[in-house]
Amino acid sequence: MNRVRCLILNAALGPLDYKVPEGVAVEPGSVVECPLGPRTVIGIVWEAERLPGTEVPVEKLRNLRAVLPVPSLSAPLRRLIEWTADYYVAPLASVARMALSSGGALKGPATMTEYRLTGGLPERMTPQRMAAIEALDGEQANIRELAGIAGVSEGVLRGLVNHGVLEPVEVDCDRPYDRARPDFAHVELSAAQAEASATFAAAVREAAFAPFLLDGVTGSGKTETYFEPVAEALRMGRQVLVLLPEIALTENFLHRFEERFGAAPVLWHSSLKSTERRRAWRAVAQGTAQVVVGARSALFLPFAKLGLIVVDEAHETSFKQEDGVRYNARDVAVMRGYFEGVPVVLASATPALESLQMAESGVYAKVDLPSRFGGAELPAIDTIDLTEEKPPHGMWLAQRLVDGIEQRLERGEQSLLFLNRRGYAPLTLCRNCGFRYQCPNCSAWLVEHRFTRRLACHHCGHEAPAPQACTECGEPDCLVACGPGVERIADEVAERLPQARVFVATSDTLNSPGRAAEFIAAVEAREVDVIVGTQLVTKGFHFPELTLVGVVDADLGLEGGDLRAGERTYQQVAQVAGRAGRGSKPGEVLIQTRHPEAPVIAALAAGDRDAFYSAETEMRREAGAPPFGRWAAIIISSEDDAEAREAANRLGAFRPQVEECLILGPAPAPMALLRGRYRYRFLINARRSVQLQEVICGWLRQVDHPPGVRVAVDVDPYSFV
């Protein structure tokens, strides 16, 4: 092979051909350094027949500069990259970049210098040095990462190095992970669990593609059930990938995994330090990482010998990537299993309607766990009609719910209040002039966070100090918080039940595995009486003393006209209800609502999931919505509103006329301004017989846009903002 075609990791460039120098061996999947003008760029050798490009005479080709010292990307992974790019109408290079997500890992074996505290103190103590020493207890990392952890400048830490307070440690970047042992601990399974795990383990031994839907009620022991096929894969020397939807769930999972297998799994998520990502990536590629537990991006890691994929809480919307390559990790996981020829287990207490439909049609094998493990009973569920049982003026909790919390306090039990709204209040306005605080970058109100005394946008991250006076009219002490967030509910609990110890659990307070571990430890040690939390607390946690769950506003998720609003509300409330009564004590769930007659609320109160899903299925069928039809969105954006509107109208003039394909728009997106960009949107609804991706690609190819205009495609959208 004296010439190769390379996929360059730059979405603006097409494939490029290069000459292979004498004595250099390459193959499809080799990761190489390629010359591009005066620069050197990373590329992946690809099959020329699968990557159309312009043929260039061999004498005009430039030589590859180097083959990087990492294993080649396997054929199944390359096929997954191609499928993801085709299905989600994304640049092939953008998808391939996710497989090479650690630049440091491509440089081969290495050591590096990290730093840790020695226990000594500097001759001269400053507030910054004191803060750093307190924050870095037990930490070891490079100077830049330690500075981020401590919240100080790198100069402060270099001063501590000079004073001997921080000492250097030479670290092998590729040191091996502790080995998990499949037979480390024996776990007693119920008859239903044993039957399910035997089915999965048999599929692992067969080493063939087999998609399963593990449908088990909350507390049925789904994790222990799929741990058995994990053990079977380990016995066979195969690797396992377990996907979790939230980083906050990682610590709880790690504890259970270590109890079962005697060692922690390999982690992969966005909060890893660069050295940890490098070590994990290389161990996965070399086959020494046995079990990887990660967020959705772990799907594109270069596994050497994958044997099983598990997607836990498979219904979770956080498995859908909302920017860049807008893929759904649940569906891509099934496709990776298909290309790798391995079983895939989708585990959930409230499966997505699409997954249930795949099981009903026989594409997925459905495995049920209909009862809780160990004789625990599902909680009793009741509704509180807020139109009849109104909370006191200025309050948000009905008296019956407060009485329930008080009863748990007297019995030494714990309660959980769920409201999927971070911060103190969703809107802040001036009672004098009516001015409402809006994000300067987005069509969204700024949310008050009293813990940090800031106004924050939950879409772009913009923050501003909470003002003492109205910035519009100058009137002091006139700002009013409108509506409740979790912080406001926590304040109300503290006011009405001052003896209660309250913990607010959100992505603001549980933003790292360490903080999540501290939260779990505090609850298990009975140091928390009432948890007030967002969707983070709806899944994965097992607190035996938690016997009451209160849903503060069950109607919140039904607002906004989202296609999946009913399904999402059912899933969230059912999942948070499942936190109650998981031990020996019975649980109770109280759902506050203004619409107890709404189908989703009535189904929750009656515990009739099948009736809800049946009605939801028929509604989707009539609307031609997923899983019976297809949706896609095309978003045109620019920093200039007129430019975005003109580009959208120009694209609209070329809309294709395709039978059984309805194109709506262009219209301003519901979030018309996001991160400083004005947005216009097309919505496409097509029958499943329509080749939707071909229609979209053919349409977009007809129009060129100015440099300031971006065009994003979202196939199977979950967010309609």
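Residue numbers (our numbering): 97 to 817. By construction, the Cβ of each residue, glycine as well, lies at the ideal position given by its N, Cα and C atoms.
CB of residue i within 8 Å of CB of residue j, strictly
i: residue 669; j: residue 700; result: yes
i: residue 698; j: residue 477; result: no
i: residue 611; j: residue 605; result: yes
i: residue 579; j: residue 545; result: no
i: residue 474; j: residue 649; result: no
i: residue 311; j: residue 457; result: no
i: residue 315; j: residue 678; result: yes
i: residue 62; j: residue 289; result: In this structure the chain extends from 97 to 817, so residue 62 is not present and cannot be described.
i: residue 639; j: residue 348; result: no
i: residue 424; j: residue 810; result: no
i: residue 480; j: residue 452; result: no
i: residue 524; j: residue 577; result: yes
i: residue 734; j: residue 797; result: no
i: residue 441; j: residue 305; result: no
i: residue 547; j: residue 583; result: yes
i: residue 329; j: residue 362; result: no
i: residue 662; j: residue 654; result: yes
i: residue 394; j: residue 364; result: yes
i: residue 482; j: residue 689; result: yes
i: residue 206; j: residue 227; result: no
i: residue 446; j: residue 517; result: no
i: residue 574; j: residue 527; result: yes
Backbone CA spacing between residue i and residue j [nearest angstrom]
i: residue 175; j: residue 164; result: 21 Å
i: residue 257; j: residue 373; result: 25 Å
i: residue 557; j: residue 540; result: 11 Å
i: residue 617; j: residue 321; result: 25 Å
i: residue 459; j: residue 728; result: 23 Å
i: residue 455; j: residue 506; result: 46 Å
i: residue 154; j: residue 384; result: 40 Å
i: residue 101; j: residue 124; result: 9 Å
i: residue 380; j: residue 168; result: 12 Å
i: residue 470; j: residue 234; result: 38 Å
i: residue 390; j: residue 195; result: 14 Å
i: residue 126; j: residue 681; result: 57 Å
i: residue 714; j: residue 183; result: 26 Å
i: residue 794; j: residue 225; result: 60 Å
i: residue 723; j: residue 448; result: 10 Å
i: residue 284; j: residue 387; result: 22 Å
i: residue 88; j: residue 324; result: Since the first residue of the chain shown is 97 and the last is 817, residue 88 is not available in this structure.
i: residue 671; j: residue 270; result: 39 Å
i: residue 350; j: residue 593; result: 34 Å
i: residue 146; j: residue 203; result: 28 Å
Cutoff 8 Å; reference residue i; Cβ partners in own chain excluding five residues on either side
i: residue 250; result: 239, 240 and 243
i: residue 608; result: 343 and 367
i: residue 189; result: 103, 104, 105, 106, 107 and 109
i: residue 504; result: 510, 511, 625, 643 and 644
i: residue 121; result: 163
i: residue 111; result: 101, 102, 103, 104, 142, 147, 148 and 149
Cβ neighbours of residue i in the same chain (closer than 6 Å, five flanking residues each side left out)
i: residue 402; result: 335, 436 and 438
i: residue 138; result: 105
i: residue 509; result: 641 and 643
i: residue 307; result: 430, 440 and 460
i: residue 326; result: 336
i: residue 201; result: 374, 377 and 378
i: residue 408; result: 340 and 443
i: residue 98; result: 116
i: residue 532; result: 525
Inter-residue CB distance, residue i and residue j (contact presumed, cutoff 8 Å)
i: residue 404; j: residue 377; result: So it is not a contact: roughly 20 Å between Cβ atoms.
i: residue 129; j: residue 158; result: Wrong, their Cβ atoms sit about 12 Å apart, outside the cutoff.
i: residue 589; j: residue 628; result: 7 Å
i: residue 292; j: residue 463; result: 5 Å
i: residue 751; j: residue 799; result: With a Cβ gap of about 10 Å, residue 751 and residue 799 do not count as contacting.
i: residue 421; j: residue 180; result: 7 Å
Same chain, Cβ closer than 7 Å to residue i, five either side skipped, listed in chain order
i: residue 264; result: 209 and 211
i: residue 382; result: 167 and 400
i: residue 711; result: 695
i: residue 185; result: 789, 792, 793, 809 and 811
Count the CB pairs spanning the region 405-417 and the region 198-218 that are closer than 8 Å, and state whether there are at least three.
no
Does the region 716-732 come close enough to the region 775-784 to have 3 or more Cβ pairs within less than 8 Å?
yes
Using a Cβ distance threshold of 8 Å, determine whether the region 346-361 contacts the region 271-285, with at least three qualifying pairs required.
yes
Can we say the region 804-815 touches the region 734-742, given the rule of at least three CB pairs closer than 8 Å?
yes
May I ask you to verify whether the region 765-773 touches the region 531-539, counting CB pairs closer than 8 Å and requiring at least 3?
yes
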